[in-house]
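First the structure, in the form of structure tokens, and then the observations on it.
Number of protein chains: 2
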Amino acid sequence: MRLTRPISTAQQVYEWLHGCVLRGDLPPGARLSESEIAQQVGLSRQPVREAFIRLAADGLAEVLPQRGTYIGRISTSAILSARLIREAVEADLARMVARARPDLSALQAQIEAQDHAHAAGDVPAFIQADDLFHRAMAEAAGHPAVWSDLERLKAQMNRLRHMAMRHFDRAETIAQHRAILAALLAGDADAAEAATRAHLRQMLTELPQIAAAYPEYFTT
Amino acid sequence: MRLTRPISTAQQVYEWLHGCVLRGDLPPGARLSESEIAQQVGLSRQPVREAFIRLAADGLAEVLPQRGTYIGRISTSAILSARLIREAVEADLARMVARARPDLSALQAQIEAQDHAHAAGDVPAFIQADDLFHRAMAEAAGHPAVWSDLERLKAQMNRLRHMAMRHFDRAETIAQHRAILAALLAGDADAAEAATRAHLRQMLTELPQIAAAYPEYFTT
DNA sequence: TACGGCATACTTCCATACAAGTCAAGGCGC
DNA sequence: GCGCCTTGACTTGTATGGAAGTATGCCGTA
Chain S
1 MRLTRPISTA QQVYEWLHGC VLRGDLPPGA RLSESEIAQQ VGLSRQPVRE AFIRLAADGL
61 AEVLPQRGTY IGRISTSAIL SARLIREAVE ADLARMVARA RPDLSALQAQ IEAQDHAHAA
121 GDVPAFIQAD DLFHRAMAEA AGHPAVWSDL ERLKAQMNRL RHMAMRHFDR AETIAQHRAI
181 LAALLAGDAD AAEAATRAHL RQMLTELPQI AAAYPEYFTT
Chain V
221 MRLTRPISTA QQVYEWLHGC VLRGDLPPGA RLSESEIAQQ VGLSRQPVRE AFIRLAADGL
281 AEVLPQRGTY IGRISTSAIL SARLIREAVE ADLARMVARA RPDLSALQAQ IEAQDHAHAA
341 GDVPAFIQAD DLFHRAMAEA AGHPAVWSDL ERLKAQMNRL RHMAMRHFDR AETIAQHRAI
401 LAALLAGDAD AAEAATRAHL RQMLTELPQI AAAYPEYFTT
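Take a look at the structure:
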């Protein structure tokens with residue numbers, strides 16, 4: 001029995017497209033074609049088609065029978081729902097961490113990484129460090145799986161974040177992370193929850209501006 | 221342009237299998253076969269295969285290349301993560317509803333429906349009413365989309381619930397719903413949150429017993 | 001009896017062909 | 001010029017055949 005299974009080509013196509021959508025390389029509303037992509041990657045339509053199906057299952061694409069496949073637009077209401085879920089979950093996680101007071105060096109490390117990325121203008125590194133900060137908090141709370149359970153919701157928010165990086169200076173984001181970490185280190189559950197909620201509510205002010213700047217990328 | 225698109229056969233196969241898995245009709249660990257299912261429903265392997273891919277994307281099945289497709293076992297850690305997320309989210313929703321004090325007749329109606337289903341021993345109706353109660357709370361909070369965003373997590377919990385229905389009397393569940401509704405009607409946010417969290421923590425005591433009763437259906 | 005090697009029947013994966021529906025452009029009639 | 005219809009080039013959906021890999025049972029051998 002093999003332990004490391006060979007990755008199927010359909011899987012590779014899926015991962016490639018998935019990354020393109022999240023990075024904004026394939027913008028919302030873009031039209032896809034099974035045969036066109038198949039020709040690009042030198043495969044038949046079938047594996048590409050299966051990648052499309054998985055993208056649609058992720059809520060990142062929409063397959064219209066006999067009409068075409070399109071990259072899904074960003075639903076502002078879906079973003080607001082996802083944000084609400086994240087706020088509720090991370091608020092609870094913050095309380096747990098503040099009470100348990102585990103080792104938090106991982107969070108400190110991600111803040112520093114984010115500082116460097118911000119200074120260097122390295123957008124992918126900044127986003128990765130941001131992700132890892134929140135993931136580290138879930139791990140510190142003893143529930144690492146929670147973070148991956150929210151993968152589907154984060155995908156939508158990641159697309160938004162790539163756009164936001166072009167319009168907002170993220171120095172404030174780092175300051176908010178520092179505030180969260182300070183409250184966690186102090187073991188102050190109330191302050192940690194408040195700082196976390198305030199951080200995630202930042203999106204409420206940014207979302208309308210991004211949606212106004214790229215109206216063709218959004219739906220209600 | 222058609223507004224009501226005809227449902228593809230692959231979609232129908234997916235929905236059928238999805239229902240079978242959630243109802244426990246296809247138990248965890250069960251082996252599936254593209255050709256076997258295709259023969260049963262009178263189709264070729266392709267639509268069945270695509271249904272398998274979607275099931276795997278939902279975390280309900282596992283496709284092992286050249287080896288077979290199996291209904292996923294229920295991960296106790298995944299259930300605990302999903303439960304934690306639901307508790308955090310519904311606690312926040314309960315606070316919102318308690319503060320906004322909207323019309324709550326929908327919640328009352330679902331409690332009564334659940335009462336009838338419990339008395340009649342109608343398991344599917346009971347589960348449906350349970351779902352609708354929580355969904356109604358999300359709607360009352362003004363965020364109906366939140367409930368559907370958690371669909372993927374609820375799928376795992378629904379499988380568990382079908383097993384739990386055979387081992388636990390659900391009268392207590394209804395009483396907990398009544399307690400939540402009473403707190404909401406009183407506009408007491410703290411009490412509503414506490415009642416909601418207590419209700420969802422019920423699973424923490426039931427899960428180990430179910431997992432012990434059906435060890436072959438669970439993994440860590 | 002115990003064990004190793006092989007044949008065989010499975011599985012999923014990919015390629016190809018065809019079917020059915022959609023959309024747009026162009027020609028025709030008015 | 002304007003409107004309607006037809007035609008054709010697309011799209012995704014389904015069926016089928018073969019390729020590659022896996023597991024299993026059987027048989028021969030020690």
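Those sequence lines, one after another, are chains S and V. Taken in order, the first sequence gives residues 1 to 220; the numbers are from the working numbering. Taken in order, the second sequence gives residues 221 to 440; the numbers are from the working numbering. Think of the CB as a built atom: it goes at the ideal place given N, C-alpha and C, for glycine as much as any other residue.
Check, Outcome
"So, M357/V versus A302/V, is the Cβ gap smaller than 7 Å?", "no"
"What's the C-alpha gap between I111/S and I79/S?", "25 Å"
"Is there a Cβ of chain V sitting closer than 7 Å to that of A212/S, yes or no?", "no"
"Listing by chain order, which chain V residues have their CB less than 8 Å from the CB of A195/S?", "In chain order: nothing, as chain V lies at least about 16 Å away."
"Given a limit of 8 Å on CB to CB distance, which residues of the segment 362 to 381 of chain V reach chain S?", "H363, A365, V366, D369, L370, R372, L373"
"Starting from the beta carbon of E50/S, find every residue of chain V whose beta carbon is closer than 9 Å, and list them in chain order.", "R269, E270, I273"
"I'd like the span of the alpha helix (DSSP H) that includes T425/V, first residue to last.", "409 to 433"
"Expressed to the nearest angstrom, what Euclidean distance is found between the alpha-carbon atoms of P102/S and H177/S?", "17 Å"
"If we cut at 7 Å on Cβ distances, does L32/S have a partner in chain V?", "no"
"From F168/S, A171/S, L60/S, pick the residue whose C-alpha is nearest to that of L225/S; which is it?", "Residue 225/S lies beyond the residue range present for chain S, which begins at 1 and ends at 220; the question has no answer from this structure."
"I need the straight-line Cα distance from A399/V to A418/V, nearest angstrom please.", "10 Å"
"Report yes if the CB atom of V97/S is closer than 7 Å to the CB atom of A140/S, and no otherwise.", "yes"
"Leaving out five residues on either side along the sequence, give the residues of the same chain with a beta carbon under 7 Å from the beta carbon of A271/V.", "A230, V233, Y234, L237"
"What beta strand (DSSP E) runs, 3 residues minimum, are completely inside the segment 78 to 162 of chain S?", "none"
"Quick one: what's R251/V bridged to in DSSP?", "Y290/V"
"Using 10 angstroms around the beta-carbon of P124/S, count the other beta-carbons present and answer buried if the total reaches 16, otherwise exposed.", "exposed"
"Take V366/V as the anchor and find which of T440/V, R251/V, I347/V, A311/V has the nearest alpha-carbon.", "A311/V"
"Output, in chain order, the set of chain S residues within a Cβ distance shorter than 8 Å of S446/V.", "Because chain V is modelled from 221 through 440, residue 446/V falls outside the range shown and cannot be assessed."
"Taking buried to mean at least 16 other C-beta atoms within 10 Å of its own C-beta, is T205/S buried or exposed?", "exposed"
"In its own chain, which residues sit with a C-beta less than 7 Å from the C-beta of L185/S, not counting the 5 before and 5 after it?", "L104"
"Measuring straight from C-alpha to C-alpha, what distance separates H363/V and A38/S?", "40 Å"
"Please report the distance separating the alpha-carbon of A213/S from that of T69/S.", "25 Å"
"Could one say the Cβ of L427/V lies closer than 7 Å to chain S's Cβ atoms, at least one of them?", "no"
"Taking V309/V as the query, report the chain S residues whose CB atoms sit under 8 Å from its CB, ordered along the chain.", "L84, I85, A88, V89"
"Do E307/V and L420/V have their C-beta atoms within less than 7 Å of each other?", "yes"
"On a CA-only basis, which of A375/V, G341/V, I430/V, A314/V is nearest A391/V? Give me that one, please.", "G341/V"
"Does the separation of the CB atoms of A164/S and I210/S fall below 7 Å?", "yes"
"Once you ignore the five residues that flank F522/V on each side, which residues in its own chain have a CB closer than 8 Å to its CB?", "Outside the displayed range of chain V (221 to 440) lies residue 522/V, so it cannot be described from this structure."
"At the 7 Å Cβ level, is S264/V part of the contact set with chain S, yes or no?", "no"
"With E50/S as the anchor, note down where its alpha helix (DSSP H) starts and where it stops.", "45 to 57"
"If you count every other CB in all the chains shown that lies within 10 Å of the CB of H134/S, and 16 or more means buried, which is it?", "buried"
"To the nearest angstrom, how far is the alpha carbon of V268/V from that of E256/V?", "10 Å"
"Following a CB-centred definition, is D92/S positioned closer than 6 Å to any heavy atom of the ligand ZN?", "The ligand ZN is not part of the structure shown, which contains no ligands of any sort."
"When you compare only the Cα positions, how much space is there between G239/V and G262/V?", "19 Å"
"Please report the distance separating the alpha-carbon of H167/S from that of L160/S.", "11 Å"
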